[in-house]
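Letter 3 of the sequence shown, counting from 1, is numbered 3 in the UniProt record's numbering, and no numbers are missing.
Backbone N, C-alpha and C fix where the C-beta goes; we use that ideal spot for every residue, glycine too.
Quick caveat, the model's predicted, so the values are computed rather than measured.
Right, one structure below, let's go through it.
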Amino acid sequence: MKIISWNIRGMGSRSKRRVIKEKILTSKADVVILQETKKEVIHRKLIGSIWGVRYTDWVSLPSLGSSGGILVMWKTNSISVMEAVIGIFSVSIKIQAINGQDWWLSGVYGPNKVRDKDDFWEELAGVYGLCGPRWCVGGDFNVVRFPSEKSNGGRMTRKKNSKSGGSKRIFRDGRASKLMKKLKFLKGKVKQWSKEEFRELGKVKQELEAKLIEIDLEEGRGGLDDTQRREREALRFQFEELVFKEEAFWRQRAKVEWAREGDGNTRFFHNNNEVKWGLEGINWSPISEERADWLERPFEEEEIRKAVFDCGTDKSPGPDGYSMAMFQKFWEEVKGDVMKVMEEFFQNGIINAVTNETYICLIPKKSESSKVGDFRPISLVTSLYKIVAKVLASRLREVLEVTISSAQGAFVKGRQILDAVLIANEVVEEVRKKKVEGLVFKN
Numbered sequence: 001m002k003i004i005s006w007n008i009r010g011m012g013s014r015s016k017r018r019v020i021k022e023k024i025l026t027s028k029a030d031v032v033i034l035q036e037t038k039k040e041v042i043h044r045k046l047i048g049s050i051w052g053v054r055y056t057d058w059v060s061l062p063s064l065g066s067s068g069g070i071l072v073m074w075k076t077n078s079i080s081v082m083e084a085v086i087g088i089f090s091v092s093i094k095i096q097a098i099n100g101q102d103w104w105l106s107g108v109y110g111p112n113k114v115r116d117k118d119d120f121w122e123e124l125a126g127v128y129g130l131c132g133p134r135w136c137v138g139g140d141f142n143v144v145r146f147p148s149e150k151s152n153g154g155r156m157t158r159k160k161n162s163k164s165g166g167s168k169r170i171f172r173d174g175r176a177s178k179l180m181k182k183l184k185f186l187k188g189k190v191k192q193w194s195k196e197e198f199r200e201l202g203k204v205k206q207e208l209e210a211k212l213i214e215i216d217l218e219e220g221r222g223g224l225d226d227t228q229r230r231e232r233e234a235l236r237f238q239f240e241e242l243v244f245k246e247e248a249f250w251r252q253r254a255k256v257e258w259a260r261e262g263d264g265n266t267r268f269f270h271n272n273n274e275v276k277w278g279l280e281g282i283n284w285s286p287i288s289e290e291r292a293d294w295l296e297r298p299f300e301e302e303e304i305r306k307a308v309f310d311c312g313t314d315k316s317p318g319p320d321g322y323s324m325a326m327f328q329k330f331w332e333e334v335k336g337d338v339m340k341v342m343e344e345f346f347q348n349g350i351i352n353a354v355t356n357e358t359y360i361c362l363i364p365k366k367s368e369s370s371k372v373g374d375f376r377p378i379s380l381v382t383s384l385y386k387i388v389a390k391v392l393a394s395r396l397r398e399v400l401e402v403t404i405s406s407a408q409g410a411f412v413k414g415r416q417i418l419d420a421v422l423i424a425n426e427v428v429e430e431v432r433k434k435k436v437e438g439l440v441f442k443n
């Protein structure tokens, strides 16, 4: 395998791109890492001008204006890339090896500013934690190992003799990871609050119940004055509020929705797994260019907000530990971070590894489950993943009626599968009345 790492210092001019393409084709490389692309958007036409689009795939880190930018390209007919992670200073891809020993390749472009150096090394440490020992790095680090390697610049800097025990914050994988870090920190605080809030819940409830019983007994012995009646009303209000909190607490822990609904769709899921899908004979109705442009437009705050508030609040949380109730209740506080995540996803089209983490929950199909087939897997994804999926699904829903045939009776809003059953019954009955010979096929 041949790998090229090259700081091209921009590729805006056509003549520069010609030189880049000539060098790449001459080298017969399988992977190409380009630093300092100075391009905020990398599109297919640009890739074609420097390498060709046939059997070529890529992932990129946009530049900040005319500064920085990383592009990693590879030939899909010679290597297989399983995963990609985009950071602030790096782009990493996971390559599937023939011998099964998968490894990571990272392209980096180090910052020029001294104040960003600590963040740069912390990001590389985080990438190493993700990739492990089978890791290859190429790029422009913008650092020197020894003073003798330095070619210019002053001998003294404002950082001379400064000491630091390390940065208090770690930056990895871009905006999505930053938000996930905030949520993780908040989860610790919420857990601490929950312990303090609910630890004495049962004890306080018993005390209130005892006071209410005492007042009721007092009423039976000789009646209550106005002060005692007001006290009883206040105690009842407190008692009912505690009961509500207790029910909400245990409802979250026990996941009543699963207990109530159980595994009623076992037959559907079992049969669904046995279906072999094919595309032969299926006629697809293409969508117009206007609708395609509408699907690919930048995300708007209102549609993201609607997606958040359309999600159920009592669903089981994923690895981040949050249900959508938190995002709905504190939307004004978190919307800025969520919008940044959605903007980054729109530019790159990649959900990073932290946001894409999933818990697999195995639901038993029967009382005595001993084999893998006796369980139905349910994926519990992160709240950010739910938001991204909900926004994309909402957009696709708007064009389904155009691309799906009018004969399709199910899984489309406004259509009922029973309509097809009624039509089939009417057709069969009409044939019987006319006494016409025919065949009925059941699919």
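(request) Taking the CB atoms as reference points, tell me whether VAL354 and MET180 lie closer together than 7 Å. (result) yes
(request) Count the other CB atoms, across all protein chains shown, that sit within 10 Å of the CB of THR266; report buried if there are 16 or more and exposed otherwise. (result) Because the pLDDT at THR266 is just 43, under 50, the model does not fix this residue reliably, and the point stays unresolved.
(message) Could you tell me which whole beta strand (DSSP E) segments of length 3 or greater appear in the segment 16-66?
(response) 31-35, 56-61
(request) Give the DSSP bridge partners of MET5, in chain order. (result) Inspection of the sequence shows that residue 5 is occupied by Ser rather than by Met. In DSSP, SER5 forms a bridge with ILE33.
(request) Use the C-beta contact count for residue 470: other C-beta atoms within 10 angstroms, 16 or more gives buried, fewer gives exposed. (result) The structure shown does not extend to residue 470, since the chain is modelled only from 1 through 443, so no value can be given for it.
(request) Identify, in the order they occur along the chain, each residue of the same chain with its Cβ nearer than 8 Å to the Cβ of GLN238, setting aside the five sequence neighbours on each side. (result) LEU208
(message) Is it the case that the segment 22-37 contacts the segment 65-73, given that we only count it when at least three CB pairs across the two stretches are under 8 Å?
(response) yes
(message) Can you look up THR76 in the DSSP assignment and give me helix, strand or coil?
(response) coil
(message) Could you check whether the segment 84-96 touches the segment 124-139, counting it as contact only if at least three pairs of C-beta atoms, one from each stretch, sit closer than 8 Å?
(response) yes
(message) Could you pull the DSSP bridge partners for ALA84 from this structure?
(response) ILE93
(message) Tell me the DSSP secondary structure of ILE363 in three-state form.
(response) strand
(message) By the three-class DSSP mapping on this structure, what secondary structure does ILE378 have?
(response) strand
(request) Could you name the residues that DSSP lists as bridge partners for SER106? (result) SER92, VAL137
(request) Name the two residues that bound the continuous alpha helix (DSSP H) containing GLU333. (result) 331-348
(request) Could you pull the start and end residues of the alpha helix (DSSP H) that GLY373 belongs to? (result) Here GLY373 belongs to no alpha helix (DSSP H), and DSSP marks it neither H nor E.
(message) Suppose only complete runs of 4+ residues qualify. What are the alpha helix (DSSP H) ranges in the segment 213-252, listed by chain order?
(response) none
(request) Would you mind working out which of TYR322, LYS16, GLY132 sits nearest LEU191, comparing C-alpha positions? (result) The amino acid at residue 191 is misidentified as Leu; the sequence shows Lys. For the residues TYR322, LYS16, GLY132, the minimum Cα distance to LYS191 belongs to TYR322.
(request) From the DSSP output, in three-state form, read off THR313 for me. (result) coil
(request) Pick out whichever of VAL59, LEU25, SER394, PRO298 has its Cα sitting closest to the Cα of LEU105. (result) VAL59
(message) Beta-carbon within less than 8 Å of ILE24's beta-carbon, same chain only, minus the 5 sequence neighbours each way: which residues are those?
(response) ILE4, VAL32, ILE50, TRP51
(message) My output table needs one value for VAL71: the three-state DSSP class, helix, strand or coil.
(response) Inspection of the sequence shows that residue 71 is occupied by Leu rather than by Val. Strand.
(request) Starting from THR358, follow its DSSP beta bridges and name the residues at the other end. (result) VAL381
(message) On the criterion of 16 or more Cβ atoms from any shown chain inside 10 Å, does ASN77 qualify as buried, or is it exposed?
(response) exposed
(message) Once DSSP output is grouped into helix, strand and coil, what is the label at PHE299?
(response) coil
(message) Between the segment 359-376 and the segment 390-398, can you find at least three pairs of beta-carbon atoms closer than 8 Å?
(response) no
(request) Would you tell me roughly how many angstroms separate the C-alpha atoms of LEU384 and SER194, rounded to the nearest one? (result) 23 Å
(message) With a threshold of 8 Å on Cβ separation, who are the neighbours of GLU296 within its own chain once the five nearest residues in sequence on each side are excluded?
(response) none
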